[in-house]
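Worksheet: one structure, shown below.
2 protein chains.
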Amino acid sequence: MARQAKHEELRLALLAETAGSPPHTPLPTERDIATDHGVSRNTVRQALDALEAAGNVYRVQGAGTFVAPPVVSKSLTLTSFSEDMRARDLEPASRLLAAETVRAGRQIADRLGVAPDSDVVRVSRLRLADGAPMCLENVHFPADRVPGLVDEDLTGSLYALLDARYGLDIRSADQIIRAVDLDETESALLGVPLGSSGLRVQRVGLDRRDTPVEATTTIYRADRYDIRFTVRRAQP
Amino acid sequence: MARQAKHEELRLALLAETAGSPPHTPLPTERDIATDHGVSRNTVRQALDALEAAGNVYRVQGAGTFVAPPVVSKSLTLTSFSEDMRARDLEPASRLLAAETVRAGRQIADRLGVAPDSDVVRVSRLRLADGAPMCLENVHFPADRVPGLVDEDLTGSLYALLDARYGLDIRSADQIIRAVDLDETESALLGVPLGSSGLRVQRVGLDRRDTPVEATTTIYRADRYDIRFTVRRAQP
DNA sequence: ACCAGAGATTGGAAGGTACCAATCTGACAC
DNA sequence: GTGTCAGATTGGTACCTTCCAATCTCTGGT
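As they're listed, the protein sequences go chains Y and B. According to full-length UniProt numbering, the stretch in the first sequence is residues 1 to 236, in order. According to full-length UniProt numbering, the stretch in the second sequence is residues 1 to 236, in order.
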């Protein structure tokens, strides 16, 4: 351990210190934090930048830095289904529906940035939370990047498996969210009446070189799932 | 003008320079950019930080900084309906359904952080894109922060009006997204068959002190609207 | 040809200084 | 009391330097 950047350590320290404070409690000044923790003001600002971006604090020039009110939502981060469910105090589980190698097809090929006639591995799973269906998940990988995947144990965390076995680390993802009417198969699998609506999330997972690694379409039960996040004003 | 921070100017300059470049084109090194533009490397890093956060470039330590592939989605920013529609090449319009002062009620009071029996101004609008219904919007403000609002022209941009008339600047917002089944009134107003699904966005707009200024519930037509954004892996 | 390793290159982290701009505080006049 | 203005406080911007860690390149040996 200890191979941690100072600004990161400081960020966690400040997070811990402010954890119990009521909203709008002022933090020490940047200069004070710097001397208290024996670091430069630059490092303090770096840590505060991260906390501000995450919605933990807000800053007002000339006034100070303050504990932000409890946000409805953690700032927007990329999470796996398992992480997501645990954050909601639900126990994640999986039922494997299919794992096969197929032709990409135009749509998937387009999202993965590969040729339409190339092979992709498709993993289809019904995902459960506390034993009840939560969503249908359809993951596609370029076949040449995950040889032998279909023979692995696919009931656990795919992300962990990808990282451990193939060195694929997904750093960011583009997502498109839409409300859909569930068809017969989908509503049956999810255990909701025909005609119910669902929340569809189409995701393309990218590695640290912004190259597509994975394309996933997930359809959530509308009655059990919502998406929460914070947005900020930005420059054009 | 010209009262612009250097890192911001540099960010825009780099954005313009890279606009035409194909993905994965390397940018000059940070040190080169610094000397070329006559600024310090710190300033360059600040500009690149912003571009990276916005998904315009990606950086690989030891290798360089590169133009990011065209993202599906601009990074997540807070936009008004009008801005949002124009970004999608649609012409925004409004039909005012109601503008009145009412009791807050528990739910709205909770979201706005005011007393349940206090007054709030409610503005209800049907919003159109290229002449066709796009969403139903229900905005609530604490009444004491927007005196006389109900008598204003409410068919244009509310955000612009708030800023100009009341000095309210909304800097960030917490959002909760869910798929819903539309009821009779909603589907009639939106011009879709009864039983269709819709995308509901509940938003609480916050000023720069993270104080709630506005609570909005918007229900979008599922067939015309989606939400696109990029997420990143983050630290716990 | 191919591979391994040394060295150069590049982004990342950290320290320091100086000054600016927004805000807050308190003294003072009325 | 109330308002106003000067000065102190605090975050924001910008500059500099130094070293580290990951990556790439190129040289030389086999």
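Ideal placement from N, C-alpha and C gives every residue a C-beta, glycine not left out.
Assigned secondary structure, residue i (DSSP; H/G/I helix, E/B strand, else coil)
| i | result |
| --- | --- |
| G198 of chain B | strand |
| E91 of chain Y | coil |
| Y220 of chain Y | strand |
| R106 of chain Y | helix |
| M1 of chain B | Only weak support exists for where M1 of chain B lies, its pLDDT of 37 falling under 50; the value from the coordinates is given anyway. Coil at M1 of chain B, not helix or strand. |
| P236 of chain B | Its pLDDT being 49, under 50, P236 of chain B is placed unreliably by the model, and the measurement read from it follows with that caveat. Coil at P236 of chain B, not helix or strand. |
Residue nearest to residue i in terms of C-alpha spacing, selected from the options
| i | options | result |
| --- | --- | --- |
| residue 291 of chain Y | Y:R178, Y:V192, Y:I177 | The question about residue 291 of chain Y has no answer, for chain Y in this structure spans 1 to 236. |
| G205 of chain Y | Y:S40, Y:Y159, Y:G195 | Y:Y159 |
| D169 of chain Y | Y:R145, Y:L182, Y:L154, Y:E152 | Y:R145 |
| D153 of chain B | B:Q46, B:S172, B:A132, B:V123 | B:V123 |
| Y166 of chain B | B:Q202, B:L149, B:Q175 | B:L149 |
| Y220 of chain B | B:E8, B:R233, B:R178 | B:R178 |
| E186 of chain B | B:F81, B:M134, B:L15, B:P116 | B:M134 |
| S94 of chain B | B:R106, B:Q107, B:S80 | B:S80 |
| I227 of chain Y | B:R209, B:I176, B:P70, B:L190 | B:I176 |
| E8 of chain B | B:L51, B:T29, B:T18 | B:L51 |
| L189 of chain Y | Y:Q202, Y:A132, Y:A173 | Y:A132 |
| Q107 of chain Y | Y:T216, Y:R127, Y:D84 | Y:T216 |
| A5 of chain Y | Y:A19, Y:V39, Y:Q202 | Y:V39 |
| E100 of chain Y | Y:R125, Y:E83, Y:R203 | Y:R125 |
| P147 of chain B | B:V120, B:A222, B:L78, B:D207 | B:V120 |
| P116 of chain B | B:D32, B:F141, B:R200, B:T155 | B:F141 |
| residue 252 of chain Y | Y:S157, Y:A222, Y:V201 | Residue 252 of chain Y falls outside the range modelled here, since chain Y spans only 1 to 236, and no answer is possible. |
| S157 of chain B | B:L182, B:A53, B:Q202, B:P92 | B:P92 |
| A143 of chain B | B:R127, B:A104, B:T43, B:L78 | B:A104 |
| R86 of chain B | B:L128, B:L14, B:A53 | B:L128 |
| A98 of chain Y | Y:R59, Y:Q61, Y:D151, Y:V60 | Y:D151 |
Residue interval of the beta strand (DSSP E) (run including residue i)
| i | result |
| --- | --- |
| A68 of chain Y | It is not in any beta strand (DSSP E) - A68 of chain Y carries neither H nor E in the DSSP assignment. |
| D119 of chain Y | 119 to 129 |
| T185 of chain Y | Premise fails: T185 of chain Y lies in the alpha helix (DSSP H), 184 to 190, not in any beta strand (DSSP E). |
| P116 of chain B | Counting along the chain, P116 of chain B falls outside any beta strand (DSSP E), and DSSP gives it neither H nor E. |
| R209 of chain Y | Counting along the chain, R209 of chain Y falls outside any beta strand (DSSP E), and DSSP gives it neither H nor E. |
| V60 of chain Y | 57 to 60 |
C-beta contact flag for residue i and residue j at 8 Å
| i | j | result |
| --- | --- | --- |
| residue 247 of chain B | L27 of chain B | Given that chain B is displayed from residue 1 to residue 236, the structure contains no residue 247 of chain B and the question cannot be resolved. |
| residue 268 of chain Y | L136 of chain Y | Residue numbering for chain Y in the displayed model covers 1 to 236; residue 268 of chain Y lies beyond these limits and cannot be assessed. |
| S118 of chain Y | V67 of chain Y | no |
| P212 of chain Y | G113 of chain Y | yes |
| residue 294 of chain Y | R111 of chain B | Past the edges of chain Y, shown from 1 to 236, lies residue 294 of chain Y, and the structure says nothing about it. |
| V102 of chain B | E214 of chain B | no |
| E30 of chain Y | R45 of chain Y | yes |
| D130 of chain Y | L90 of chain Y | yes |
| D174 of chain Y | T230 of chain B | yes |
| V180 of chain Y | S196 of chain Y | no |
| P69 of chain Y | D210 of chain B | yes |
| R41 of chain B | A34 of chain B | yes |
| T18 of chain B | L96 of chain B | no |
Extent of the continuous alpha helix (DSSP H) run through residue i
| i | result |
| --- | --- |
| N42 of chain B | 41 to 53 |
| H7 of chain Y | 6 to 18 |
| H37 of chain Y | 30 to 37 |
| Y159 of chain B | 158 to 161 |
| A78 of chain Y | As written in the sequence, residue 78 of chain Y is Leu, which differs from the Ala given in the question. It is not in any alpha helix (DSSP H) - L78 of chain Y carries neither H nor E in the DSSP assignment. |
According to DSSP, residues forming a beta bridge with residue i
| i | result |
| --- | --- |
| I177 of chain Y | Y:V201, B:I227 |
| residue 249 of chain Y | Absent from the model: residue 249 of chain Y. The displayed extent of chain Y is 1 to 236, so no value can be given. |
| L96 of chain Y | Y:R125 |
| L136 of chain B | B:L126, B:I219 |
| P147 of chain B | Paired residue(s): none; P147 of chain B is not in a bridge. |
| P142 of chain B | B:V120 |
| E152 of chain Y | BP columns for E152 of chain Y are empty, so no partner. |
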